[in-house]
Amino acid sequence: MLAVWRQELIKLLLLCGLGALVGALFSGAIWGFLVVLLFLSALQYRYLAALLQWLRQPKQNELPDPGGVWGEVYDRLVDLQRRNRKKKKRLAAMVADFQASTAALPDGAVVLSAHGEIVRANHAAQTLLGLRAQDSGIRITLLVRHPKFVEMFEAGVQGQEVEIPSPINRSKQLNVRVIGYGKSQGLMIVRDVSELRRLENARRDFVANASHELRTPLTVLKGYLEMMETESRQGPLNAWAVPLQEMYKQTNRMESLVGDMLKLARLESDIAARHDWIRAATLLRQALADAQGVADPKHRFVIEIDDRVELFGGETELTSLFANLVGNAVRYTPPPGTITVTLSALGGGRAVCSVQDSGIGIAETDIPRLTERFYRIDVGRSRASGGTGLGLSIVKHAVERHDAQLKITSQLGEGSCFSCEFPPHRVRLAEAVML
């Protein structure tokens, strides 16, 4: 590039010198010099005009080949244009591949601008949400107006999911998630979960119906076993005393299991129990009394209950919640361990119920799975103590029913703490009611 400029400078000096020399021979050096400058200016104008015309219509016009600096400029521009065309083709191919990929997805995909307007949507999204090609540029909340979705979208929480009925087919259930995409765009993923929900409902109905049908024969069986066990203490059934006691024990366990399955089925159903303002202390003290009735005399209970706390909820659900938390603490705390039960009001109108024990503790890897159905850390110990493996699953669903949060902390060999924190709209204090 430096050599080109040097050649151009030499050419300019030679032309100016020649013009001055010719001008000196005829009418003066200055006039010859001005004529050369005028010629060079016209030449530059011609090159600029050719460049402008080429920039406006590059396909219809070709750049001249003047050599020198202008030739270098033209070559660089043509090379830049060639590279841009290649890059444009490559980007167009990438966009086409992306659109083909999203079009092939069974899930709906909607690309949103930073302001929530639709940029593009694949075929599945158009089918599930009823979007059209002409909806591009329209804010998504104007087309998908379900309150749950609008609330989630306006909150701007990335990765959060919500389940809503399809805007064009109320029988379809859609799982919708919005995640960050690019610098400021959003990608909305829509999945049809109708079949999954149907299967879940069928499973719940089966468990509920099977549990309900088992209750009557179990009750009859338990009654006969109880009678036979009484007779076995004296009389001809004396030799069957131990087997009958074991049968009676297992029947009680089956009855507890069926009862827990029915509770869980009710909690999982879409039919919400009637909610009223309930004195939480009354239910918690009853759960404590039941637990103390089966606890070892060496167990130590520390009770700190604020009697003012009232919760807006279902009495049966809260009873199950408290009973399972306290019962688990007794079950997994060897005597002479300590069980601390607390119910207190927190700042901001919240309340917390916590059950802490000095029992065997839970490994950190097991904590995330504790609320799964039939998940047991120590199967033998759980069965020996009468556990069904459904208690914490019942607690989890009861907590969710009351918009609360379940927090579990534990350390092996030192004990565990289960806390249920209730939000302000579920809590009030008795003094506030009496005013």
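Residue numbering for the sequence shown follows my numbering, starting at 385 and increasing by one per position.
Just so you know, even glycine gets a beta-carbon here, dropped at the ideal spot from N, CA and C.
All values derive from a computational prediction rather than experimental measurement.
Taking the C-alpha atoms as reference points, what is the distance between residue i and residue j?
i, j, result
"L790", "K556", "31 Å"
"S803", "T703", "15 Å"
"L527", "A434", "51 Å"
"R765", "G677", "Confidence in R765 is poor, its pLDDT being 48 and thus under 50, which makes the residue's placement unreliable; the coordinate value appears in the next sentence. Cα to Cα, R765 sits roughly 20 Å from G677."
"E798", "E538", "44 Å"
"Q465", "D481", "24 Å"
"Q542", "G607", "57 Å"
"A493", "K472", "24 Å"
"Y431", "L461", "14 Å"
"V546", "L709", "29 Å"
"G514", "N553", "9 Å"
"N506", "G540", "23 Å"
"V763", "G711", "Here the model assigns V763 a pLDDT of 49, short of 50, so the residue's position is not dependable, and the following value carries that caveat. Whole-angstrom Cα-Cα distance: 17 Å."
"P808", "E610", "48 Å"
"R767", "R757", "Only weak support exists for where R767 lies, its pLDDT of 48 falling under 50; the coordinates are left without a value."
"I723", "S738", "10 Å"
"R587", "T755", "18 Å"
"A594", "T600", "11 Å"
"R753", "Q518", "47 Å"
With distance defined between alpha-carbon atoms, name the residue in the options nearest to residue i.
i, options, result
"A673", "I687, S640, D660 and W661", "I687"
"L705", "D644, T717, P490 and E579", "D644"
"G698", "D680, K470 and V783", "V783"
"V577", "I552, I548 and D589", "I548"
"V642", "G775, Q428 and T666", "G775"
"N559", "F696, M572 and E805", "M572"
"K633", "K647, A484, Q441 and E613", "E613"
"Q795", "S777, E748 and E756", "E748"
"D660", "L754, L667 and L695", "L695"
"A735", "L754, R663, E701 and Y759", "R663"
"S777", "A508, S550, A675 and L646", "L646"
"L730", "G564, L628, R810 and E535", "R810"
"L667", "R575, N468, F685 and A707", "A707"
"P551", "R753, T511 and P627", "T511"
"T700", "M536, N593 and V779", "V779"
"Q355", "T726, I746 and D750", "Residue 355 lies beyond the stretch modelled for the chain, which goes from 385 to 819, so this question has no answer here."
"L813", "A509, A665 and R669", "A665"
"P718", "I689, D750 and F685", "F685"
Here's a check: name, in chain order, each residue in its chain whose Cβ is nearer than 7 Å to the Cβ of residue i, leaving out the five neighbours to either side.
i, result
"S497", "V503 and Q569"
"A679", "V714"
"P531", "none"
"F533", "V546, I548 and V560"
Taking all protein chains shown into account, do 16 or more other C-beta atoms lie within 10 angstroms of the C-beta of residue i, making it buried, or fewer, making it exposed?
i, result
"M478", "exposed"
"R692", "buried"
"R516", "exposed"
"H781", "buried"
"S800", "buried"
"H683", "buried"
"S425", "exposed"
"I563", "exposed"
"F806", "buried"
"R575", "buried"
"H596", "exposed"
"K626", "The residue asked about is misnamed: residue 626 is Val in this sequence, not Lys. So V626 ends up on the exposed side."
"A484", "exposed"
Excluding the 5 residues preceding and the 5 following residue i in the sequence, name in chain order all residues of the same chain whose CB lies nearer than 6 Å to its CB.
i, result
"Y716", "G743 and I744"
"E639", "L602"
"E584", "none"
"P720", "K682"
"S520", "I502"
"T793", "C801"
CB-CB under 8 Å to residue i, same chain, minus the five flanking residues each way: which ones, in chain order?
i, result
"E630", "none"
"H499", "R523"
"L605", "T635"
Confirm the yes/no value for this check: CB of residue i, any heavy atom of the ligand FMN, distance under 7 Å.
i, result
"D459", "The model depicted lacks the ligand FMN and carries no ligand whatsoever."
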